[in-house]
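*Asks:* The opening position of the sequence shown corresponds to residue 162 in the working numbering, with each subsequent residue numbered one higher. Provided herewith is a single structure, encoded as structure tokens, for subsequent inquiry.
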Amino acid sequence: MKALQLIVSGDPVLYGIVYRSLLFSGIAIILATLWGTPVAMLLGLKNFRGKTLVKTLFNSLIGIPTVVLGLILYLIFSNGGPLGFLGLLYTPGVIILGEAVLVTPILTSIMTTAIEAVDPEIMSLAKTLGASEAQASIAVLKEAVNGVLLSNIASFNRAIAELGVALLVGGNIAGLTDVLTTAISRYTARGELDLAIALGIILVVIVFLINTIVIMARKAKWLLTVWRFPQWH
């Protein structure tokens, strides 16, 4: 089968697409984690007016169709849009931003649930031992490490497998903004099924491997070790 030959032979076009997909999705997860973690900690540790509404909003946005988000971003970054002057449309940057926005509700919701599941006494104990508010919050986050890991992996899977955002704002430009999903769509439309099948196989394998790693990591001893509080001063 030619698709398998393309994979085994290390076809540069094929693996260039794979590299871009992994790179864009990886950076998107980093960005989403940077701004999603503080939000999750706030929702998981604090009580405030409107908290239920905010959590409901994040949970609702998990299912937003990627094509709708892609359209919104297109309108924002197109020449006539409010951020059109940045010239980001059809560039890797806007794909990364779009994927980061897409996965933020998933990452935040899962992480919030994980933090809320931690024994409230952990926070109190940390403060009793001299921890500041920030240090105590980090202690809780470490206790929820399995949930944090799961949130990142689930978000990565969502990012690398999405089509609408990458297609609408990236333009599926060969060698620049084409990723696994958009390239599969293009090659299928052209009738180049061998390349499309090869990319499809790689995408499935990536998702499978990531989920396998998560299962193994969650069972690993270093993730199951009980957090021991240091003596804060």
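All residues carry an ideal CB built from backbone N, CA and C; glycine is no exception.
Taking only three categories from DSSP, how would you classify Y251?
*Replies:* On the sequence shown, position 90 is the one that residue 251 refers to. In this structure, Y251 counts as coil in the three-state DSSP scheme.
*Asks:* Go through the region 318-388 residue by residue and report every complete run of the alpha helix (DSSP H) that reaches 4 residues or more, in order.
*Replies:* Qualifying alpha helix (DSSP H) stretches, in chain order: 325-331, 341-351, 354-380, 382-385.
*Asks:* How far does the alpha helix (DSSP H) with S221 in it extend, from its first residue to its last?
*Replies:* Your numbering for residue 221 matches position 60 in the sequence shown. Run containing S221: 212-222, per the alpha helix (DSSP H) assignment.
*Asks:* Closer than 8 Å is the cut-off here; do at least three beta carbon pairs connect the region 174-183 with the region 335-343?
*Replies:* Contact holds: three or more Cβ-Cβ distances are below 8 Å.
*Asks:* Grab me the residues of I178's own chain with a C-beta within less than 8 Å of its C-beta, minus the 5 sequence neighbours each way, in chain order.
*Replies:* Along the sequence shown, one-based indexing puts residue 178 at 17. Closer than 8 Å at Cβ, skipping near neighbours: D339, V340, L341, A344, L360.
*Asks:* How should N313 be labelled, buried or exposed, when 16 other C-beta atoms within 10 angstroms of its C-beta is the threshold for buried?
*Replies:* In the sequence shown, counting from the first residue as 1, residue 313 sits at position 152. When all chains shown are included, N313 counts as buried.
*Asks:* Note the first and the last residue of the continuous alpha helix (DSSP H) segment covering A300.
*Replies:* The sequence position of residue 300 within the sequence shown is 139, counting from 1. Run containing A300: 294-304, per the alpha helix (DSSP H) assignment.
*Asks:* Drop a sphere of 10 angstroms on the beta-carbon of E304, count the other beta-carbons inside from all chains shown, and report buried for 16 or more, exposed for fewer.
*Replies:* Counting from 1 along the sequence shown, the entry for residue 304 is found at position 143. So E304 counts as buried.
*Asks:* Could you check which residue in M377, M284, P266 has the C-alpha nearest to that of A193?
*Replies:* The sequence position of residue 193 within the sequence shown is 32, counting from 1. Taking only the C-alpha atoms, the option nearest A193 is P266.
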